[in-house]
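Residue numbers (the working numbering): 2 to 625. Data first, discussion second: the structure below is written as C-alpha cells.
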C-alpha cells in the first residue's frame, strides 16, 4: 500500500470525524454540558492526529494561510494566556477547551476538506440534519411535546419548537445558518433536477422549523439574510423570477403562521412568553456593561460573566435567576475577553470579509450568452456566507456562538468558505519543509495531548457525576461526588454539593452531627477556594455555624455572602434566617421582607420564617 493511498484514507477519515462532530453536537442538546462536549474533545484529538499523519505521508501537503489565520491563531494564544491568569480555573478551562476545539476544527477543515466533493458532502449533511431538526421542532410546536430525549423542556419554552436543543432560540441559530445554504444549492447549484427538488423541499422544511421556534431574533436574522439572498438573485440574469417567487412563498408562509398564532389561544401564549423571555435580556445587559467598564482591556476572564454576575445583579425580580451568558455575544466577548479579545475577533471577521470580497469574482462562474452558468462553488460560498451573516445578526440578541453545536457549524462554514480564497491567489499556499513539518508535529501533538488529557479527566469526572445523579441513596450520592472531586478537585460545584449533603445529614441531629457540620464547613471552604465569588458556600457555612452555636462566625459568613451577592433573594433570606436563630426578630423581619420584595414567588424561607416570627411575637405579647 503506497503513501498516496494512505494519505487519501486519512483525508476521508478526517471528513468522517468532522461529520461525526457536526452531526453529534446538535443531537446532544447542543453539546453545552461537559458530559456531552467530552465526545467532541475526543473526536477533535482524532482529527488532529490524522492531520499530523497526512503531513508525514504526503510530502506535498501544504499549508493554506490567508491573513485571517493569524488572527485566529492569536486569539487561541490569547485564550491560553487569559486561562493562566483567570480567577476561577475550572470555569476558564472549560471555555479555553471550547476555543481550542473551534480553532482546531477550523484549521483541520481548511486544510483537509477544501476539495469540492468533500465540501458538498459536509454542507449537504448539515442541510439534511437541519431538515430533521426542523421537522422535530414542528412536531413539538404542533403537539406541545415537552420532552427532548430523556430531558424535559423548561415551562417557558413549551409550545415552541426546539428539536434537540433546550432553548428554541439556539435551534433558530442553527437553522438560520443552513437555510440560505439549502436555498442557494436549490437555485444556483449544478446538481441534477431530482437532487435540487430534494434540497428545495429541505429548505422549505427548514424554514417551517425556523418559524416554529417562535424566536424573534432568529426570524429577524433569517429574514435579513434571505433578503440579501433575494437581492443578489434578482441582480443575476436568469435568477430574478426564481428569487422573487422564493421570497413570495416564504413571506406568505411566515405571514400565515403569525396570523394563525395570534388568533389561536395556545399559540398566542407561546408568542407572548417568547416576547417576555427575549425582552428580559435587555436587563441583563446593564450589569454586563458595568462589568466591562470596570475591566475594559482584558475582561474578567474566560467564562467569568456568570462568576461575577451575583455582585453586579440589580435588585429586580426578573433577575433573580442565573443567566449564565449575557444574551449578547458581542457584549459577552467584551466582558470575558476585554477589548483585546474583542479586537482579535473583529480582526478575524474583517479579514474574512475582505478576502471574500477580493475572491468573489473568481468564485462565481462568468455568465454566457445562453444565460447564467450554475456553480456548486458559488452556491456554497453565497449560502454559507449568508448563514454566517444570519448568526452574526442574531448574536446581538442571544448567545448562539456560546452553544458548541452552533459555534462548530459556524466554524466549519467559515473554513469551507475560506478554502475558496485559493481561487483568487496562490500567495496563501505555504510549502511545508522539514523544519516546518517538525514544528507542526510538535504543535499538533501538544494540542492533541492537552485536549486528550482534559478529555480523559472530563470523561471520568462526568461519569462519577452521572452516578451521583442516579444514586438511589444519599450515601451513594455522597460517595460518587467524592470520587468526582478526587478526579477534578477544582470543580467548585462538586465540593459545594458534598458540603450540602453533609450539612443535611448533620441537621438531622443524630449522633455525630457536630462532626458532620465541621466536615461540611471544610467542603464549603474547598468550594470557595475554587470560586470565591459564589455566595452559596458562604450561606452553607453560616447555616452550619449557627447550628453549632457559633453565631458570631455565622454572621461573618452571611456578611461574606452578601458582599458577593448583595441583591440575591436567597442570600438576603438567609441573613434573615440567621437573625431568627439568634432571636433578633426585628432585624430578621427586615431581611426577610426585603427577600420577599426581591422575589415574592416561590420563596419559602422568607415566607415561612416571617410567619414563624409573627407567631412568636404574638405568643410573647399574649403569654398563656
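For each residue, glycine too, the CB sits at the ideal point set by N, CA and C. Given the structure is predicted, the values throughout are model-derived calculations rather than measurements.
(Q) For residue 65, list the residues DSSP reports as bridge partners. (A) Here residue 65 refers to the residue found at position 64 of the chain shown. Residue pairing for residue 65: DSSP places it in a beta bridge opposite 430.
**Q.** residue 536 vs residue 569 beta-carbon contact at 8 Å
**A.** Locating residue 536 in the chain shown gives position 535, counting from the first residue. Locating residue 569 in the chain shown gives position 568, counting from the first residue. By the CB criterion at 8 Å, residue 536 and residue 569 fall inside the cutoff.
Q. What's the gap between the Cα of residue 380 and the Cα of residue 62?
A. Start at 1 with the first residue of the chain shown, and residue 380 comes out as number 379. Start at 1 with the first residue of the chain shown, and residue 62 comes out as number 61. Roughly 27 Å separates the two Cα atoms.
Q: State the DSSP-derived secondary structure class of residue 392, mapped to helix, strand or coil.
A: To locate residue 392, count along the chain shown from 1; it is residue 391. Secondary structure at residue 392: helix, using DSSP grouped into helix, strand and coil.
Q.
Measuring straight from C-alpha to C-alpha, what distance separates residue 335 and residue 78?
A. Along the chain shown, one-based indexing puts residue 335 at 334. Along the chain shown, one-based indexing puts residue 78 at 77. When rounded, the distance between both Cα atoms is 17 Å.
Q) So the alpha helix (DSSP H) residue 412 belongs to, where does it begin and stop? A) Translated into the one-based positions of the chain shown, residue 412 becomes position 411. Taken as a continuous stretch (DSSP letters only), the alpha helix (DSSP H) holding residue 412 covers 405-419.
**Q.** Through-space distance from residue 13 to residue 565, alpha-carbon basis
**A.** One-based indexing of the chain shown puts residue 565 at position 564. One-based indexing of the chain shown puts residue 13 at position 12. Here the alpha carbon of residue 565 sits roughly 52 Å from the alpha carbon of residue 13.
Q. Considering only residues of the same chain and omitting the five flanking positions on each side of residue 407, which have a CB-CB separation below 6 Å?
A. For this step, residue 407 is matched to residue 406 along the chain shown. Once the five neighbours on either side are set aside, the close Cβ partners of residue 407 are 174, 175, 401.
Q) By Cβ distance below 8 Å, which residues in the same chain neighbour residue 349 in space, the five residues on each side in sequence not counted? A) By 1-based counting over the chain shown, the position of residue 349 is 348. 69, 72, 73, 76.
Q) Going by the beta-carbon positions, is the gap between residue 419 and residue 111 smaller than 8 Å? A) The count along the chain shown starts at 1 and reaches residue 419 at position 418. The count along the chain shown starts at 1 and reaches residue 111 at position 110. Yes, the pair counts as a contact, with Cβ atoms nearer than the cut-off.
Q.
Can you check which of these residues, 393, 382, 447, 432, is closest to residue 416 by C-alpha distance?
A. The count along the chain shown starts at 1 and reaches residue 416 at position 415. For the residues 393, 382, 447, 432, the minimum Cα distance to residue 416 belongs to 382.
Q | Start and end residues, alpha helix (DSSP H) containing residue 234 | A | Taking the chain shown and counting its residues from 1, one reaches residue 234 at position 233. In this chain, the alpha helix (DSSP H) harbouring residue 234 covers 217-235.
(Q) Suppose contacts are defined by Cβ-Cβ distances below 8 Å. Is residue 226 in contact with residue 288 by that definition? (A) Stepping through the chain shown from its first residue, residue 226 is reached at position 225. Stepping through the chain shown from its first residue, residue 288 is reached at position 287. The beta carbons of residue 226 and residue 288 sit no closer together than 8 Å.
Q: Could you give the DSSP three-state label for residue 26: helix, strand or coil?
A: The residue labelled residue 26 in the question sits at position 25 within the chain shown. Residue 26: helix per DSSP, three-state reduction.
Q: Using DSSP bridges, identify the partner residues of residue 148.
A: As a position in the chain shown, residue 148 is number 147, starting the count at 1. Beta-bridge pairing links residue 148 to 153.
**Q.** Expected contact under 8 Å - CB spacing of residue 572 and residue 106 to nearest Å
**A.** Reading the chain shown from its first residue, position 571 is the one you call residue 572. Reading the chain shown from its first residue, position 105 is the one you call residue 106. That belief does not hold up - the Cβ atoms of residue 572 and residue 106 are roughly 41 Å apart, past 8 Å.
Q) For residue 305, does the three-state DSSP call read helix, strand or coil? A) Stepping through the chain shown from its first residue, residue 305 is reached at position 304. Coil, per DSSP.
Q: Since I believe residue 321 is in contact with residue 600 (beta carbons under 8 Å), could you give me their beta-carbon distance rounded to a whole number of angstroms?
A: What you label residue 600 is simply residue 599 of the chain shown in a count that begins at 1. What you label residue 321 is simply residue 320 of the chain shown in a count that begins at 1. Approximately 5 Å separates the beta-carbon atoms of residue 600 and residue 321; this is inside 8 Å, confirming the contact.
Q | Assigned exposure category for residue 481 - 16 Cβ within 10 Å defines buried | A | Indexing the chain shown from 1 puts residue 481 at position 480. Around the beta-carbon of residue 481, 16 or more other beta-carbon atoms lie within 10 Å, marking it buried.
Q) Going by other Cβ atoms of all chains shown within 10 Å of its Cβ, with 16 needed for buried, is residue 240 buried or exposed? A) The count along the chain shown starts at 1 and reaches residue 240 at position 239. Burial is judged here by how many other beta carbons sit within 10 angstroms of a residue's own beta carbon; residue 240 has at least 16 and is buried.
Q: Return the CA-CA distance between residue 581 and residue 515, expressed in angstroms with no decimal places.
A: Position 580 of the chain shown, counted from the first residue, corresponds to residue 581. Position 514 of the chain shown, counted from the first residue, corresponds to residue 515. Going from the Cα of residue 581 to the Cα of residue 515 covers about 21 Å.
Q | Those runs of the alpha helix (DSSP H) which lie wholly inside the region 527-597 and span at least 4 residues | A | Counting only runs of 4 or more, we get 536-548, 552-565, 570-582.
Q. Under three-state DSSP, which class holds residue 240?
A. Translated into the one-based positions of the chain shown, residue 240 becomes position 239. Residue 240 falls in the coil class under three-state DSSP.
Q: Classify residue 114 as helix, strand or coil using the three-state DSSP reduction.
A: In the chain shown, the residue the question calls residue 114 occupies position 113. Coil, per DSSP.
**Q.** Same chain, Cβ closer than 7 Å to residue 363, neighbours up to 5 away in sequence not counted
**A.** Counting from 1 along the chain shown, the entry for residue 363 is found at position 362. Within the same chain, residue 363 has close Cβ partners 424, 425.
Q. Exposed or buried, what is residue 545 when buried is set at 16 or more other beta-carbons lying within 10 Å of its beta-carbon?
A. Position 544 of the chain shown, counted from the start, is the residue given in the question as residue 545. By the Cβ-count criterion, residue 545 is buried, with 16 or more other Cβ atoms from all chains shown falling within 10 Å of its own Cβ.
**Q.** Limits of the alpha helix (DSSP H) - the one that residue 171 falls within
**A.** Taking the chain shown and counting its residues from 1, the one referred to as residue 171 is at position 170. Where residue 171 is concerned, the enclosing alpha helix (DSSP H) stretches over 169-189.
(Q) Nearest by alpha-carbon distance to residue 449: which of 208, 384, 45 is it? (A) Mapped onto the chain shown, residue 449 falls at position 448. Of the listed residues, the one whose Cα sits closest to residue 449 is 45.
Q: Report the rounded CA-to-CA distance for residue 222 versus residue 391, giving the unit in angstroms.
A: Position 221 of the chain shown, counting from 1, holds the residue named residue 222. Position 390 of the chain shown, counting from 1, holds the residue named residue 391. Straight-line Cα distance between these residues: approximately 5 Å.
Q) For residue 334, which three-state DSSP category applies? A) Taking the first residue of the chain shown as 1, we reach residue 334 at position 333. Three-state result, residue 334: helix.
Q: Entirely within the region 29-112 and at least 4 residues each: give me those alpha helix (DSSP H) ranges in chain order.
A: Whole alpha helix (DSSP H) segments, 4+ residues: 35-58, 69-85.
Q) Which value, in whole angstroms, describes the spacing of the CA atoms of residue 11 and residue 116? A) In the chain shown, the residue the question calls residue 11 occupies position 10. In the chain shown, the residue the question calls residue 116 occupies position 115. Answer to the nearest angstrom: the Cα atoms are 14 Å apart.
Q: Please report the Cβ distance between residue 97 and residue 405, rounded to the nearest whole angstrom; I am assuming they are in contact, meaning their Cβ atoms lie under 8 Å.
A: Here the question's residue 97 lines up with position 96 in the chain shown. Here the question's residue 405 lines up with position 404 in the chain shown. Contact flag wrong, Cβ pair sits at about 13 Å.
Q: Rounded to whole angstroms, what's the CA-CA distance from residue 172 to residue 166? Just pull it up for me.
A: Here residue 172 is taken as the residue at index 171 of the chain shown, counted from 1. Here residue 166 is taken as the residue at index 165 of the chain shown, counted from 1. Going from the Cα of residue 172 to the Cα of residue 166 covers about 6 Å.
Q.
Please report the distance separating the alpha-carbon of residue 487 from that of residue 8.
A. The count along the chain shown starts at 1 and reaches residue 487 at position 486. The count along the chain shown starts at 1 and reaches residue 8 at position 7. The C-alpha of residue 8 is placed about 42 Å away from the C-alpha of residue 487.
Q. With C-beta atoms as the reference, is residue 235 less than 8 Å away from residue 247?
A. The residue labelled residue 235 in the question sits at position 234 within the chain shown. The residue labelled residue 247 in the question sits at position 246 within the chain shown. Not in contact: residue 235 and residue 247 (Cβ atoms no closer than 8 Å).
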